[in-house]
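Only one structure is covered here, and it is reproduced in the block below.
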Amino acid sequence: MKTIITVFRKELKDSLRDRRTVITMVILPLLMFPVLIGLTSRFVTSYEEQAQEKTLTIGLSEGVGAEGFSAGLEDADNLSVITGLSLDAATEMVIADSLDAYLLFHEEFARQVEELGQGEVTIYSKQTEERAIEAGRIFDLLDEYEVELRELRFTGLGIDPDAYHVISISTENLATGKEQLAEMVGGILPYMFILFCFLGCMYPAIDLAAGEKERGTLETLLTSPVIRTRILIGKFGVVVLTGISSATISLIGLYLGVRYVSAIPAAFIDMIMTILEPGSIVLLLTLLLPLTIFFASLQLTISFFAKSYKEAQSMIGPLYPVIIVPAFLGMMPGMKLTAATALVPILNVSLATKSIIAGQSDPGIMVLVYISLIVYASIGLFFCGKTFGRESAIFR
Amino acid sequence: MIEIRNLSKTFKLSRKRRKEEGASGTDGFVKAVDNVSFQCRPGRVFTLLGPNGAGKTTILRMIATLMKPTSGTIEVDGFDTLQSPREVRAKIGFLTGSTNLYARLTPNEVIKYYADLHGMEPSRFRQRKEELFELLDMNSFADRRIGKLSSGMKQKVSIVRTIIHDPAVVIFDEPTTGLDVITSRSIINLIRRCTSDGRTVIFSTHIMSEVSMLSDDLAILHEGRLLYCDTWRSFREGMVETSLEEEFIRTLKGDKS
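Here the protein sequences come in this chain order: A and B. Per this note's numbering, the very first residue in the first sequence carries number 194; after that it's consecutive. Per this note's numbering, the very first residue in the second sequence carries number 16; after that it's consecutive.
Below you can see the structure in the form of structure tokens.
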């Protein structure tokens, strides 16, 4: 045990003095969530504000309907109206972006309304995702005009306008805050935790194995009277510690992000805080620990086999998609934690994390997840030990 | 004392090498060391001389228990390398020319690390470290990161790392490769000092001047086989050519014919 601690302490000190390790283990996970949350909320807020405050230029066709509509727009803010436009001219203007929308009131509009029918209006605009808020503003204006005409129609018929609503519909969302959160962010969070576990392991694993080989220090280390397994455990401990620390620090980053980044809705903050409860954190970390052991053993095995730091990097690089695909699959809506998915490494952690966030984890399935993770970690460890013991790998 | 008997080491060729050498009929294996026997005695420098690929490093790695012999035995101070590898490693110090150090640690930290791995008592470690640091004038940079030291300073750290635990056997694998004259001289002095302390020293080289400067006993290796093994004095007295280099080439040619 004493030699394991000696190796562990030395490797930890050495790793913490490596700038790349500190960046991937501490700085990146600590800043990722605050920066991501800050940028997203700032971008969304400013986009919404801009879309609401933008002066909309709308064109109207000729006719009584358009005139009636135009009369109601006199007091509207941030709105510029061009009346009496022909369809051809307006279409060109919309395409050239000098008009946001053109409202063509059917030539029979007045008659249709008068005869208790429906007046037809066609909106010509560029209907893209980024113009959704602008489109909503135009619909709101038309809605107001419709209400005005309806009230006139009902009054003319001697009917109370309020009698129009036969059913009053209201909704109550019974999903808990955690469930709503799981739906919203439950996919992306496990993905980030898995990624940080992997990245946190990477540089120490390469440095403590391939780096030592390349420097020639491994050869002298192996001539000391220490059982090889103990050297391996010492190194392994540091790689696992940096991986799990990276994920833990990302949790701290998440906390700091929601706590101190402005412009986040209070309800959202409350929901995020529920996953930062001690119980949820402990469950998350117990899931991430065997996964990190699996990652550490995988990366150390490759790194002990590689001839140099560079070769190890180029061999570990292709693992990214292998990690990302199952982690990404876990983000897909409808993907659930079942007895089958509980056996797929990485995907199982992604889905189990989602269910923990939602507060819906099934104990039986969770046990299956833990068992499969422990099995994968053991297989990884076995191969790591084998590679470290093989002189053909050490002196490749 | 190192006792080597009928030592052989066979490597399996990589797929690429197997393809290249397919026609020469190596059956996918290459014999790096072929039935080699010799003895290194305490207080003497045993030199392994040979061109690149002669099998020098492989023999030294087998002595240091880094590799296992395919056949034959090695005993270091009475301990068999296969039966008691930990006891063997406790007896040896190992220094190679390609060895580097942990650039982010200080000399103090590196030396302490190796002393701890050798299970040295704290008081014995302090005394030995003070002695060696004083001897090699290392106190002025003992707490500076190794990455910021000159190559001469680094070599001093390597020397102390090799002998901090007071090994009975010291193995030097081409220890002066790539070093400047002054740094090489510090290694030569260390080797001399080791023998005067009564340690067994085995070192490999392909530099003739080092052979004549240091050797008590000499073994010439070529393609894994031992071509010559006797005292340096006998070799010198039996020389046909005027220079050591010419004599060495003559020995290798004799092997080929």
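For each residue, glycine too, the CB sits at the ideal point set by N, CA and C. Remember, it's a predicted structure, so these values are computed and weren't measured experimentally.
query, result
"Residue interval of the alpha helix (DSSP H) (run including G430 of chain A)", "421 to 453"
"Same chain, Cβ closer than 6 angstroms to F391 of chain A, five either side skipped, listed in chain order", "F488, I516"
"Partners in chain A for M329 of chain B, counting only beta-carbon separations shorter than 8 angstroms", "Residue 329 of chain B lies beyond the residue range present for chain B, which begins at 16 and ends at 272; the question has no answer from this structure."
"Buried or exposed (CB count within 10 angstroms, at least 16 for buried), M395 of chain A", "buried"
"Cβ pair R408 of chain A, L116 of chain B closer than 9 angstroms", "yes"
"Cβ neighbours of M254 of chain B in the same chain (closer than 7 angstroms, five flanking residues each side left out)", "E262"
"Chain A residues whose Cβ lies nearer than 7 angstroms to that of N123 of chain B", "Simply none; closest approach about 12 angstroms."
"Short-range partners of chain B found in the region 403 to 418 of chain A, where Cβ spacing is below 8 angstroms", "R408, G409, T410, E412, T413, L414, L415, T416, S417, P418"
"Continuous alpha helix (DSSP H) stretch holding I474 of chain A: start and end", "471 to 498"
"Contact list for R104 of chain B against chain A, beta-carbon separation under 7 angstroms", "T416, S417, P418"
"Simplified DSSP state of S279 of chain A, which is helix, strand or coil", "coil"
"Identity of the residue in B:C244, B:S258, B:R248 nearest I222 of chain B by Cα", "B:S258"
"With 16 other Cβ atoms within 10 Å as the buried cut-off, status of I360 of chain A", "exposed"
"DSSP three-state assignment for K195 of chain A, whether helix, strand or coil", "helix"
"Residue from A:I288, A:L223, A:L536, A:D281 with nearest C-alpha to I567 of chain A", "A:L536"
"Chain-ordered neighbours of H133 of chain B on chain A, where CB pairs are closer than 8 angstroms", "S417, P418"
"Entirely enclosed alpha helix (DSSP H) segments - the region 539 to 572 of chain A, minimum 4 residues", "540 to 551"
"Residues that L22 of chain B bridges to, as DSSP identifies them", "B:V51"
"C-beta neighbour in chain A for K271 of chain B, strict 9 angstroms", "Because the pLDDT at K271 of chain B is just 49, under 50, the model does not fix this residue reliably, and the value given afterwards should be weighed accordingly. No, no contact with chain A."
"When A:R324, A:D290, A:L309, A:D336 are compared against F262 of chain A, the one with the closest alpha-carbon", "A:D336"
"Residue environment, E570 of chain A, which counts as buried when at least 16 other CB atoms sit within 10 Å", "The sequence shown places Ala at residue 570 of chain A, not Glu. Buried."
"In DSSP terms, what A398 of chain A is bridged to", "According to DSSP, A398 of chain A bridges with nothing at all."
"Rounded C-alpha distance that separates T177 of chain B from V216 of chain B", "12 angstroms"
"Contacts of L194 of chain B in chain A (Cβ-Cβ under 7 angstroms)", "Within 7 angstroms Cβ-Cβ: nothing; L194 of chain B doesn't reach chain A, min ~14 angstroms."
"I445 of chain A Cβ short of 8 angstroms to the ligand GTP heavy atom set", "Questions concerning the ligand GTP fall outside what the structure shown contains, since it holds no ligand whatsoever."
"Cβ neighbour criterion (16 or more within 10 Å) applied to V103 of chain B", "buried"
"Whole-Å CB distance - K185 of chain B paired with G108 of chain B, under 8 angstroms assumed", "The amino acid occupying residue 185 of chain B in the given sequence is Val; Lys does not appear at that position. About 5 angstroms separates the two Cβ atoms, so the contact holds."
"Contacting positions in the region 284 to 303 of chain A - beta carbon closer than 8 angstroms to chain B", "none"
"Under the three-state DSSP convention, the category F298 of chain A falls into", "strand"
"Proximity of F201 of chain A and V431 of chain A at Cβ, strictly below 9 angstroms", "yes"
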